[in-house]
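Below is one structure, written out as structure tokens, with a few remarks after it.
2 protein chains.
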Amino acid sequence: MVDAYAARRERVREHCGAAGADAALITRAANVRYLTGCAPCGATVLLTREEVLLALPDDLPPDDSGEHLIAPDVAQLPVSAGADTALAAAAAAVRLGVAGLAVEEHDLTVSRHRAVAALAEGARLTDLGQVVERLRVVKDEHEIADLRIAAEIADQALGELLESILVGRTERHLAMELERRMIDHGADRAAFPVSVGTGTHSGQPAHQPTDRRVEEGDFLTVVLGAQYRGYGVSTARTFVIGAAPAPWQVELHRLVFRAQRAGREALEPGVELSVPDRAARQVLEAAGHTEPSPRPIGHGIGLEIREAPRLGPADMGKLDSRVPVTVGPGVHLPGKGGVRIEDTLVVRPLEEGGPELLTITTKELLAL
Amino acid sequence: MVDAYAARRERVREHCGAAGADAALITRAANVRYLTGCAPCGATVLLTREEVLLALPDDLPPDDSGEHLIAPDVAQLPVSAGADTALAAAAAAVRLGVAGLAVEEHDLTVSRHRAVAALAEGARLTDLGQVVERLRVVKDEHEIADLRIAAEIADQALGELLESILVGRTERHLAMELERRMIDHGADRAAFPVSVGTGTHSGQPAHQPTDRRVEEGDFLTVVLGAQYRGYGVSTARTFVIGAAPAPWQVELHRLVFRAQRAGREALEPGVELSVPDRAARQVLEAAGHTEPSPRPIGHGIGLEIREAPRLGPADMGKLDSRVPVTVGPGVHLPGKGGVRIEDTLVVRPLEEGGPELLTITTKELLAL
Numbered sequence: 001m002v003d004a005y006a007a008r009r010e011r012v013r014e015h016c017g018a019a020g021a022d023a024a025l026i027t028r029a030a031n032v033r034y035l036t037g038c039a040p041c042g043a044t045v046l047l048t049r050e051e052v053l054l055a056l057p058d059d060l061p062p063d064d065s066g067e068h069l070i071a072p073d074v075a076q077l078p079v080s081a082g083a084d085t086a087l088a089a090a091a092a093a094v095r096l097g098v099a100g101l102a103v104e105e106h107d108l109t110v111s112r113h114r115a116v117a118a119l120a121e122g123a124r125l126t127d128l129g130q131v132v133e134r135l136r137v138v139k140d141e142h143e144i145a146d147l148r149i150a151a152e153i154a155d156q157a158l159g160e161l162l163e164s165i166l167v168g169r170t171e172r173h174l175a176m177e178l179e180r181r182m183i184d185h186g187a188d189r190a191a192f193p194v195s196v197g198t199g200t201h202s203g204q205p206a207h208q209p210t211d212r213r214v215e216e217g218d219f220l221t222v223v224l225g226a227q228y229r230g231y232g233v234s235t236a237r238t239f240v241i242g243a244a245p246a247p248w249q250v251e252l253h254r255l256v257f258r259a260q261r262a263g264r265e266a267l268e269p270g271v272e273l274s275v276p277d278r279a280a281r282q283v284l285e286a287a288g289h290t291e292p293s294p295r296p297i298g299h300g301i302g303l304e305i306r307e308a309p310r311l312g313p314a315d316m317g318k319l320d321s322r323v324p325v326t327v328g329p330g331v332h333l334p335g336k337g338g339v340r341i342e343d344t345l346v347v348r349p350l351e352e353g354g355p356e357l358l359t360i361t362t363k364e365l366l367a368l
Numbered sequence: 001m002v003d004a005y006a007a008r009r010e011r012v013r014e015h016c017g018a019a020g021a022d023a024a025l026i027t028r029a030a031n032v033r034y035l036t037g038c039a040p041c042g043a044t045v046l047l048t049r050e051e052v053l054l055a056l057p058d059d060l061p062p063d064d065s066g067e068h069l070i071a072p073d074v075a076q077l078p079v080s081a082g083a084d085t086a087l088a089a090a091a092a093a094v095r096l097g098v099a100g101l102a103v104e105e106h107d108l109t110v111s112r113h114r115a116v117a118a119l120a121e122g123a124r125l126t127d128l129g130q131v132v133e134r135l136r137v138v139k140d141e142h143e144i145a146d147l148r149i150a151a152e153i154a155d156q157a158l159g160e161l162l163e164s165i166l167v168g169r170t171e172r173h174l175a176m177e178l179e180r181r182m183i184d185h186g187a188d189r190a191a192f193p194v195s196v197g198t199g200t201h202s203g204q205p206a207h208q209p210t211d212r213r214v215e216e217g218d219f220l221t222v223v224l225g226a227q228y229r230g231y232g233v234s235t236a237r238t239f240v241i242g243a244a245p246a247p248w249q250v251e252l253h254r255l256v257f258r259a260q261r262a263g264r265e266a267l268e269p270g271v272e273l274s275v276p277d278r279a280a281r282q283v284l285e286a287a288g289h290t291e292p293s294p295r296p297i298g299h300g301i302g303l304e305i306r307e308a309p310r311l312g313p314a315d316m317g318k319l320d321s322r323v324p325v326t327v328g329p330g331v332h333l334p335g336k337g338g339v340r341i342e343d344t345l346v347v348r349p350l351e352e353g354g355p356e357l358l359t360i361t362t363k364e365l366l367a368l
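Shown next as structure tokens:
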């Protein structure tokens, strides 16, 4: 892995050189991790032509858990108590005589940028832009292996929940239990707060679990994802509680299932980013379900739970191979409930068998 | 509460007026909540002389949990799918003919600031600075009531844990259980990830729970806090596992206990911010425990788990009444373990009985 990090840093250096900067200041947490393997929030990387220097927040425990361990080829910068690591890195840049410093203007606040500029008087500040984010879009097989494990963990936790009694339990309890189970199965943590929606809450995109209890006849939508070695996945399933789903539930579930399948099947290297969204949306709209302001059907996923590319109706560009994305359409009928079905998949060419499904829990309408 | 929010907004308007701006763009989540009661992350408030306009991220569920409910006197701005709410608010500012727009440069990234400036061509952008953060320092009794409840919840969860079997369980499990218990007792969520450190991990400031299991003779340090209605507290306790603590454990615990008490007793309206830190530090240093780069003994706490004022050796300014702060010194002996004891208290004048202790779990060295 050390070599992988070094190779990634080399590509950032090439971008800097092309942009006339001789060093880069990396502050975005996911980018710091991508380039060094180092995870603590608040860390800053200074990448010069020859060196890679890491400024860690001073309040990290000395014998800290693995993910903060520093690779042998990464030098650590001194940071005084409570100090901004970006400023510690900027000071180092000055000491090293950096002339052009590329910073992440999409991550640095105006105030921090001003402080960095003031400290690095000599150096000319430029915008690195989303160079590292773009490098992160296509994953290597190590990264995909971590995503596979994250997906397995989420599937295991969900599978165990389905075997337990659900009626009478609150959305919050079910969400907490899923988070605990994912950690039991080896997740770093939940990739995002688990969402559990029952009854009228089911099928909502970003529902925060409430104290509503699961009742007979409810739709139950679960949106969860595990994070493993920094890499997260996201999956959503909708089930029905009780033996006999109502006809509208069967029908709505079948519709969203078909839309989600259409979206998945549209994933192919070289395809326009808007195509999977359109494929799924056409199925929903044919059945009369239109969104006033359409939510993208999915997005890239990896070190950040929502990263490039976005798969929305208006998104430009093409899908690449080895890009993990989510595909998760849904329909919510206010006051009634709804269905959401989401998977995380890796885009693969047909020769390799087409899109690789990571989240394999059944998408059938289970009656629990 | 609606009146309280309106009063807070009036004070922000006064600051804007003084700074020659006729509107403010509030993007920092805690500040948005402080001024509107509205909690979703990614929301932006546009505060003009007459109006308060709220731009919410488009992906909020329609019938969303209470904390996102919008006060009757707050108008909502349309935001299209995936759009930046700051830009939606800036567009509204243009429509309303705003001439001077004060923004939070400590929150807006350089890129967002540029986009806002481009959109609000006509308007002059100025820096609002930490005006809202300063307003938030002194709490009203409603806020303190919420903090009291948050502290009760954390104390309950901790109390229940102490009655359970600990030996053989992992730091991660204990941390998860504490988070679950806090939610069971009505917390919005844990105010921050619970830290459980055993053996050599005990006493560390920001220890991430590992799979290390609790053993006989361990020190066990728990750092936890609940969030209630957006307001968080923080508390830390250190216990010993097994009937007979070692002499060094008894001694170290007594020392940190004395240091923490000295810090607490130094809390008084009008006192210099550095005084509580010095009071506690003197006790530790007299016993030969010095920190290379001293961590502040505490900080303000409220809508953010770490907010102004900071109680560090070099911090300037004076404590005010009704300011909730943490006081949490600790000593960690590498390879051996350590002790950390932290409370959340509200600064009160002596006439009102002096500092109000919110986190009331015993600080005695319990042998569990």
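In order, the protein sequence lines correspond to chains A and B.
Those letters in the first sequence? Residues 1 to 368, per UniProt numbering, in order.
Those letters in the second sequence? Residues 1 to 368, per UniProt numbering, in order.
Glycine included, every Cβ here is placed at the ideal spot set by N, Cα and C.
Keep in mind the model is a prediction, meaning the values are calculated, not measured.
(1) Closer than 9 angstroms by beta-carbon distance: list the chain A residues that pair up with B/Arg-180, in chain order.
(2) Can you confirm whether the region 16 to 27 of chain B touches the region 89 to 105 of chain B when touching is taken to mean that 3 or more C-beta pairs between the two stretches lie within less than 8 angstroms?
(3) In angstroms with no decimal places, state the Cα-to-Cα distance between B/Pro-62 and A/Ser-202.
(4) Measure how close the beta-carbons of B/Ser-195 and B/Thr-326 come, nearest whole angstrom, since I'm counting them as under 8 angstroms.
(5) Taking a cut of 7 angstroms between CB atoms, which residues from the region 107 to 133 of chain B lie near chain A?
(6) Let me make sure I understand the geometry here. Which of A/Glu-171, A/Ser-164, A/His-185, A/Ile-165 has the alpha-carbon closest to that of B/His-173?
(7) For A/Arg-181, which residues of its own chain have a beta-carbon under 8 angstroms away from its beta-carbon, when the five flanking residues on both sides are left out?
(8) Mind reading off the beta-carbon distance from B/Gly-317 to B/Leu-273? Whole number of angstroms is fine, and I expect it under 8 angstroms.
(9) Taking all protein chains shown into account, decide if A/Ala-122 is buried (16 or more other Cβ within 10 angstroms of its Cβ) or exposed.
(10) Name the one or two DSSP bridge partners that A/Lys-318 has.
(11) Helix, strand or coil, according to DSSP, for B/Glu-163 in the structure here?
(12) Could you check which residue in B/Val-339, B/Val-331, B/Ala-118, B/Thr-344 has the C-alpha nearest to that of B/Gly-232?
(13) Show which residues of chain A have a CB atom less than 7 angstroms away from the CB atom of B/Arg-295.
(14) Taking the Cβ atom as the reference point for each residue, do A/Leu-303 and A/Tyr-5 lie within a distance shorter than 8 angstroms?
(15) Report the residue from B/Gly-353, B/Ala-145, B/Val-132 whose alpha carbon sits nearest the alpha carbon of B/Glu-265.
(16) Can you tell me where the beta strand (DSSP E) holding A/Ile-183 begins and where it ends?
(17) Tell me the DSSP secondary structure of A/Ile-26 in three-state form.
(18) Does the Cβ-Cβ distance between B/Val-214 and B/Gly-270 come in under 8 angstroms?
(19) Based on Cα-Cα distance, which residue from B/Gly-217, B/Ala-30, B/Ile-165 lies nearest to B/Ala-244?
(20) Taking A/Gln-76 as part of the beta strand (DSSP E), name the residues at either end of that continuous run.
(21) Should A/Arg-310 be labelled buried (16 or more other beta-carbon atoms within 10 Å of its own) or exposed?
(22) Using DSSP's beta-bridge definition, name the partner residues of A/Phe-257.
(23) Which same chain residues, not among the five before or five after B/His-253, have their C-beta less than 7 angstroms away from its C-beta?
(24) Given this structure, state the Cα-to-Cα distance separating A/Gly-230 from A/Asp-188, to the nearest angstrom.
(25) Do you know offhand how far A/Leu-357's Cα is from A/Asp-277's?
(26) As an exercise, report each continuous beta strand (DSSP E) stretch of at least 3 residues that is fully enclosed by the UniProt domain "Creatinase N-terminal" (8 to 138) of chain B, in chain order.
(27) Give me the chain B residues within the contact set of A/Ile-183, using Cβ-Cβ distance strictly less than 7 angstroms, ordered along the chain.
(28) Measure the CB-CB distance between A/Val-283 and A/Arg-258 and report whether it falls below 8 angstroms.
(29) Tell me whether A/Pro-292 sits in a helix, a strand or coil according to DSSP, three-state version.
(30) At a Cβ cut of 8 angstroms, what residues of the region 304 to 323 of chain A count as close to chain B, listed as they run along the chain?
(31) Using a beta-carbon distance cut-off of less than 8 angstroms, what residues from the region 142 to 160 of chain B approach chain A?
(32) So, with DSSP's three-state summary, where would you put B/Gln-249?
(33) Would DSSP call B/His-299 helix, strand or coil?
(34) Compare the Cα-Cα distances from B/Thr-36 to each of B/Gly-263, B/Arg-348, B/Ile-70 and report the closest residue.
(35) For B/Asp-343, does the three-state DSSP call read helix, strand or coil?
(36) With three or more C-beta pairs closer than 8 angstroms as the rule, is the region 47 to 56 of chain B touching the region 139 to 156 of chain B?
According to the structure shown:
(1) Per Cβ cutoff of 9 angstroms: His-173, Met-176, Glu-177, Glu-179, Arg-180.
(2) By the Cβ test, the region 89 to 105 of chain B is in contact with the region 16 to 27 of chain B, since at least three Cβ pairs between them sit closer than 8 angstroms.
(3) Residue placement at B/Pro-62 is poorly supported in this model, since its pLDDT is 49, which falls under 50; the coordinates are not used for a value here.
(4) Wrong, their Cβ atoms sit about 14 angstroms apart, outside the cutoff.
(5) Listed by position, the residues of the region 107 to 133 of chain B near chain A (Cβ gap below 7 angstroms) are Asp-107, Leu-108, Thr-109, Val-110, Ser-111, His-113.
(6) By alpha-carbon distance to B/His-173, the top candidate from A/Glu-171, A/Ser-164, A/His-185, A/Ile-165 is A/His-185.
(7) Excluding sequence neighbours, A/Arg-181 sits near Gln-156, Ala-157, Glu-160, Leu-161.
(8) Indeed they touch by this definition, with Cβ atoms about 5 angstroms apart.
(9) The residue asked about is misnamed: residue 122 of chain A is Gly in this sequence, not Ala. A/Gly-122 is exposed by the Cβ-count criterion.
(10) According to the DSSP secondary-structure assignment, A/Lys-318 is paired through a beta bridge with A/Glu-272.
(11) Of the three classes helix, strand and coil, the one that applies to B/Glu-163 here is coil, per DSSP.
(12) Selected option, being the one with the closest Cα: B/Thr-344.
(13) B/Arg-295 reaches chain A at Asp-59, Ala-81, counting residues in chain order whose Cβ is nearer than 7 angstroms.
(14) No; because the gap between Cβ atoms is not below 8 angstroms, this pair is not in contact.
(15) Nearest option by C-alpha distance: B/Gly-353.
(16) A/Ile-183 -> not in any beta strand (DSSP E); alpha helix (DSSP H) instead, spanning 171 to 184.
(17) A/Ile-26 falls in the strand class under three-state DSSP.
(18) It is not a contact, given that the beta carbons lie outside the stated cut-off.
(19) Comparing Cα positions, the closest option is B/Gly-217.
(20) Taken as a continuous stretch (DSSP letters only), the beta strand (DSSP E) holding A/Gln-76 covers 75 to 77.
(21) With 16 or more neighbouring CB atoms inside 10 Å of its own CB, A/Arg-310 falls in the buried class.
(22) Looking at the DSSP assignment, A/Phe-257 forms no beta bridge with any residue, so it has no partner.
(23) Correct list, in chain order: Thr-238, Val-339, Leu-365.
(24) Between the alpha carbons of A/Gly-230 and A/Asp-188 lies a distance of about 7 angstroms.
(25) When rounded, the distance between both Cα atoms is 17 angstroms.
(26) The DSSP assignment places complete beta strand (DSSP E) segments of no fewer than 3 residues inside the UniProt domain "Creatinase N-terminal" (8 to 138) of chain B at 23 to 26, 44 to 48, 52 to 55, 75 to 77, 100 to 103, 124 to 127, in order along the chain.
(27) For A/Ile-183, the neighbours in chain B by C-beta distance under 7 angstroms run, in chain order, Arg-172, Met-176.
(28) Going by C-beta atoms, A/Val-283 is nearer than 8 angstroms to A/Arg-258.
(29) In the three-state scheme derived from DSSP, where H, G and I count as helix and E and B as strand, A/Pro-292 is classed as coil.
(30) So the list reads Arg-310, Gly-312, given in the order they occur along the chain.
(31) Taking 8 angstroms as the Cβ-Cβ cut-off against chain A, none of the residues of the region 142 to 160 of chain B qualify.
(32) In the structure shown, B/Gln-249 sits in a helix (DSSP, three-state: H, G or I).
(33) B/His-299 sits in a strand when the DSSP states are folded into three classes.
(34) Looking at B/Gly-263, B/Arg-348, B/Ile-70, the one whose alpha-carbon comes closest to that of B/Thr-36 is B/Ile-70.
(35) Strand at B/Asp-343.
(36) In the pairwise beta carbon analysis, the region 139 to 156 of chain B is classified as not touching the region 47 to 56 of chain B: fewer than three pairs are separated by under 8 angstroms.
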